[in-house]
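For the sequence shown, the positions run 664 to 962 when my numbering is used. Idealized CB from N, CA, C, for every residue including glycine.
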Amino acid sequence: MKTSCRGVVIGAGTMGANLARLILRNGMAVTVLDIDSSALARCRQALHSETGSGEQPRFVSDWAQVGACEVVVESVTEDLTLKQRVLKEAERHVGDATLLLTNTSGLSIDELAEVLTHPARFMGAHFFNPADLIPSVEVVPGRSTSDACVERASEWLRQLGKRPAVLRHCVPGFVANRLQHALMRECLALLEQGVIDAEALDDLVRYSIGIRLAINGPLRQRDLNGLDTHLNIARYLYDDLENRTTPGPLLESLVEEGRLGRKSGRGFHEWPEGNAEAYARHERMLLERLLAILDDELE
Ligand code: NAD
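In structure tokens, the structure reads:
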């Protein structure tokens with residue numbers, strides 16, 4: 664599929680721009696479609712130095728300007744009704760064999776597929792930010808997705824240098840966001856109880872379980888520790904772990920106060936003017952170095 668593959672990314676936001684960069688860097692042609700001209704302009708600016716396939720990326724505001732394509736990645740705002748509308752529209756303009764992928768963070772693939780005429784070629788392809796850098800992609804089939812299309816999508820992702828993780832079936836939040844939210848529910852409870860402060864918690868996780876998870880994953884890590892030991896701890900600990908079923912007061916109040924994190928200048932930590940961009944560059948550099956080490960040492 665690689666040499667002739669033409670991809671369309673719908674949505675020129677944070678994820679869409681990096682998805683387009685990823686496709687270009689792997690020698691494929693890409694068209695970015697967005698209804699917001701300022702989002703398209705920002706995306707064009709972000710990609711201006713990319714040469715990839717030799718073919719310039721195209722930035723369009725409607726399907727009439729798109730033409731033939733083999734893969735569509737929908738990456739618009741996380742809203743079920745909007746995504747259904749966008750996917751239905753995409754299906755009207757592409758051939759029956761075109762793969763239709765959604766970058767939803769965890770909406771139901773079956774609910775999204777309800778509006779489609781040919782759902783066999785539709786599935787989730789959940790990338791991680793920054794999408795051009797983070798290797799894993801969750802591939803999430805719905806009830807109607809064909810095995811052949813899952814394999815085609817996985818092969819396309821491998822051609823992009825990704826590590827597709829194919830789920831057997833769709834669960835809300837898929838796998839990675841379920842794990843992130845389980846961890847964050849406990850973190851927020853520990854902050855609310857005053858057990859630890861934000862600075863110390865981040866430092867503790869980074870330099871303890873964080874580095875070992877990157878090397879081993881959670882299950883191999885437990886194998887190394889011994890499942891009998893894990894069971895003994897689980898027996899006395901589970902009863903005390905946070906198990907609330909709605910977001911707690913700390914998270915609600917942070918958001919209410921406008922403490923949204925990097926984008927508003929303050930979250931758990933302070934983000935002074937100019938600091939956010941510098942941090943993003945620093946984080947990217949560290950990610951590249953860590954990934955290079957993991958590739959060299961562990962494969
Ligand atoms: P974003 O807000 O940065 O970008 C969304 C873009 O969609 C905007 O440019 C908007 O103009 C465009 N859009 C809205 N309606 C449209 C329409 N009808 N047609 C074409 N374009 C339209 O959002 P994002 O962070 O890039 O997230 C996009 C998707 O990726 C969401 O489903 C999100 O859950 C998922 N995702 C985000 C992250 C992340 O870390 N940001 C990670 C993984 C997955």
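{"Query": "Contact set for L823: own chain, Cβ-Cβ below 6 Å, skip 5 residues either direction", "Result": "L685, N689"}
{"Query": "Whole beta strand (DSSP E) elements within the stretch 730 to 812, 3-residue minimum", "Result": "734 to 737, 762 to 765, 785 to 789, 799 to 804"}
{"Query": "Cβ-Cβ distance between K751 and T767 below 8 Å", "Result": "no"}
{"Query": "Best match in V802, E733, E777, L876 for proximity to L953 [C-alpha to C-alpha]", "Result": "L876"}
{"Query": "Contact under 8 Å by Cβ, G676 with A702", "Result": "yes"}
{"Query": "Close beta carbons around V729, own chain, < 7 Å, minus the five adjacent residues each side", "Result": "V671, T694, L696, V723, H756"}
{"Query": "Segment limits, beta strand (DSSP E) that includes P827", "Result": "826 to 829"}
{"Query": "Start and end residues, beta strand (DSSP E) containing L696", "Result": "692 to 696"}
{"Query": "Per DSSP, the bridge partner or partners of E933", "Result": "R929"}
{"Query": "Distance cut-off 7 Å: F837 Cβ against heavy atoms of the ligand PLP", "Result": "Ligands displayed in this structure: the ligand NAD; the ligand PLP is not among them."}
{"Query": "Which of helix, strand or coil DSSP assigns to K665", "Result": "Its pLDDT being 47, under 50, K665 is placed unreliably by the model, and the measurement read from it follows with that caveat. DSSP places K665 in coil when its eight states are reduced to three."}
{"Query": "Contact belief for F785 with G805 at Cβ below 8 Å, rounded distance in angstroms", "Result": "7 Å"}
{"Query": "Straight-line gap, K665 to L762 (C-alpha atoms, nearest Å)", "Result": "The predicted model places K665 with a pLDDT of 47, which falls under 50 and marks its position as unreliable; any figure quoted below should be read in that light. K665 and L762: Cα-Cα distance of roughly 14 Å."}
{"Query": "Proximity test, H964 beta-carbon vs the ligand NAD heavy atom, cut-off 7 Å", "Result": "For residue 964 there is no data in the structure shown, the boundaries of the chain being 664 and 962."}
{"Query": "Three-state secondary structure assigned by DSSP to V868", "Result": "helix"}
{"Query": "Coil, strand or helix - V858 by DSSP", "Result": "coil"}
{"Query": "Cα-Cα separation, D699 to R705", "Result": "10 Å"}
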